[in-house]
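For reference, the structure is listed below as structure tokens.
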Amino acid sequence: MAKVVKFGGSSLADANQFRKVADIIKSDKERRYVVPSAPGKRYSDDIKVTDMLYTCYDEVCQGKNAITAFAPIAERFNGIIADLGLTISLDEEYEIIMENFRKQAGKDYAASRGEYLNGIILANYLGFQFVDAAKGIFFGRNGEFDADLTDATLSAILEGYDCAVIPGFYGARPDGTIKTFSRGGSDFTGSIVAKAIKAELYENWTDVPGFAVADPRIVDNPKFIDVITYRELRELSYMGASVLHQDAIFPVRSAQIPINIKNTNDPAAKGTMIVPEAPEGKNEHIITGIAGKKNFSAICLEKDEMNSEIGFLRRILTLMETEGIAFEHIPTGIDTMNILVNSDDLAGHPNFADRIKEVANPNHIEIEKNLALIAVVGRGMKATKGTATRIFAALSHANINIKMIDQGSSELNIIVGIEEADFEEAIRVIYNMFMLQE
Ligand code: ASP
4 MAKVVKFGGS SLADANQFRK VADIIKSDKE RRYVVPSAPG KRYSDDIKVT
54 DMLYTCYDEV CQGKNAITAF APIAERFNGI IADLGLTISL DEEYEIIMEN
104 FRKQAGKDYA ASRGEYLNGI ILANYLGFQF VDAAKGIFFG RNGEFDADLT
154 DATLSAILEG YDCAVIPGFY GARPDGTIKT FSRGGSDFTG SIVAKAIKAE
204 LYENWTDVPG FAVADPRIVD NPKFIDVITY RELRELSYMG ASVLHQDAIF
254 PVRSAQIPIN IKNTNDPAAK GTMIVPEAPE GKNEHIITGI AGKKNFSAIC
304 LEKDEMNSEI GFLRRILTLM ETEGIAFEHI PTGIDTMNIL VNSDDLAGHP
354 NFADRIKEVA NPNHIEIEKN LALIAVVGRG MKATKGTATR IFAALSHANI
404 NIKMIDQGSS ELNIIVGIEE ADFEEAIRVI YNMFMLQE
């Protein structure tokens, strides 16, 4: 049996954090495959090594001396090595990296070196095998992640090692050049590794106690979620809950491997367990979490007898497809329809309303901006009556106008559209309604 443990940047920000990480790993024999991020912030206005690498690479491309530009990064890693009392030297690695920066090896290559170097240090400190992610994680020709090739190759490599460190965040293209996932992508690497070794558990170690029911920047001291299903998490992460990279559930989900979000600074705490299926029994609360996003626009359409006009929506969706505009929700009435889109997607299309008029000839069209969406998510909703009533009551007491309502077909979530200005207050009142009054 084996567990995959991924440690985020703040868990590996300095030697002291490395010691905590090593203690955690050594305290459980099953923690055998380790995925590190690059060193993160040691204090709030510190700079993450990944960001230092992006800056350094830009500077070298603009002609700055590579040794000078790279010095603060080398200093960061050398500091960790010295404080841990290790005898390795990364000087040769630094030489290779600086040479590749001079040759303009690419931003992704540059950013990936944080995880790469940190992985070498951690493997050395733990006495584990270092496995370069470029040897086992692959992208296709168009830059898409190649899940099948990766799974086959990585599982064959890792079978050969009882214990290994695989740096997060990057892999290789078919020509061997480095490509990274999007920011925070080490979470995804952890999930890929967990699938490859058929782990019993993927532990994702971070610096928070788990998933909060609502964003702690909006709700004071929110409760934390003990157990959440993959589907609930997908809804919440899509709507902005950001403890875990939003793609990270996919590899483990297909393999039905649970994820446990844990806090490196409080290892005994349970954290949040992300599971394939809802556990038996009733949840403590009807809702599992609340999350939301700003920056939406509604394209509001009216057309007499819209309901009997075949092809009305298709013509508009075809137009959106050709213009490359994705939609989020389409609540419809009898003669009315709202199409919710991300405002950034609309920004490049100033005459979009005219284009819709041409293809669909509505009686009225209006684009309403500055909307926010809030998703109230919970597997407990299905079995409980009155959830929507309580959401609407909370909003109405706070004098918040609801612009749109959408209940997901899975009965797992209710989404409301409101004005951006009401966003924070809406989250607070919904939280209070469900979490303080049950
Ligand atoms: N170091 C990368 C970042 O800062 C990837 C990660 O930490 O997951 O985004």
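Be aware that the sequence shown starts at 4, since it is given in the working numbering, and climbs by one per residue. Every residue gets a Cβ at the ideal spot worked out from N, C-alpha and C, and that includes glycine.
Near residue i, which residues of its chain fall below 8 Å by C-beta distance, leaving aside the five closest residues on each side in sequence?
i, result
"A396", "M436"
May I ask you to report which of helix, strand or coil DSSP gives residue i?
i, result
"Y164", "coil"
"A281", "coil"
"S300", "strand"
"L3", "What is shown of the chain runs 4 to 441, which leaves residue 3 out entirely."
"T58", "helix"
"H400", "helix"
"A215", "strand"
"N435", "helix"
"L343", "strand"
"D409", "strand"
"I418", "strand"
"F141", "strand"
"E324", "helix"
"F330", "coil"
"I221", "coil"
"A294", "strand"
"F426", "helix"
"I319", "helix"
"I1", "Residue numbering for the chain in the displayed model covers 4 to 441; residue 1 lies beyond these limits and cannot be assessed."
"E312", "coil"
"E305", "strand"
Counting only the same chain and skipping the five closest in sequence on each side, list residues whose C-beta sits under 6 Å from that of residue i.
i, result
"V168", "V37, G122, L125, A126, F131, F133"
"K265", "E206, W208, G274"
"D119", "Asp is not the amino acid found at residue 119; the sequence shown has Tyr there. Here the set comprises P170."
"V362", "R318, L322"
"C166", "R35, F131"
Taking the beta carbon of residue i as the centre, do at least 16 other beta carbons fall within 10 Å, making it buried, or is it exposed?
i, result
"L247", "buried"
"D190", "buried"
"D151", "exposed"
"R234", "buried"
"Q65", "exposed"
"M384", "buried"
"P39", "buried"
"M242", "buried"
"N341", "buried"
"P353", "exposed"
"I337", "exposed"
"S245", "exposed"
"P177", "exposed"
"P219", "exposed"
"Q259", "exposed"
"A272", "exposed"
What does a CB cutoff of less than 7 Å around residue i pick up in its chain, not counting 5 residues either side in sequence?
i, result
"P75", "M55"
"N416", "E238, A378, V379, V380"
"N298", "N345, S346, D347"
"A114", "T53, L56, Y57, T183"
"V63", "A69, A72, F104, R105"
"A18", "I83, D86, L87"
Taking only runs that begin and end inside the stretch 239–276, name each unbroken beta strand (DSSP E) of 3 or more residues, in chain order.
262–266
Give the list of continuous alpha helix (DSSP H) stretches no shorter than 4 residues that lie fully inside the stretch 7–52.
For the stretch 7–52, whole alpha helix (DSSP H) runs of length 4 or above, ordered along the chain, are 18–29.
Please list the segments of the beta strand (DSSP E) lying wholly inside the stretch 146–210, counting only runs of 3 or more residues, in order along the chain.
173–175, 181–183, 204–209
Could you name each continuous alpha helix (DSSP H) segment of 4 residues or more that falls completely within the stretch 354–382, going from the start of the chain to the end?
355–363
Unbroken stretches of the alpha helix (DSSP H), 4 residues or longer, contained in the stretch 62–109:
69–87, 94–105
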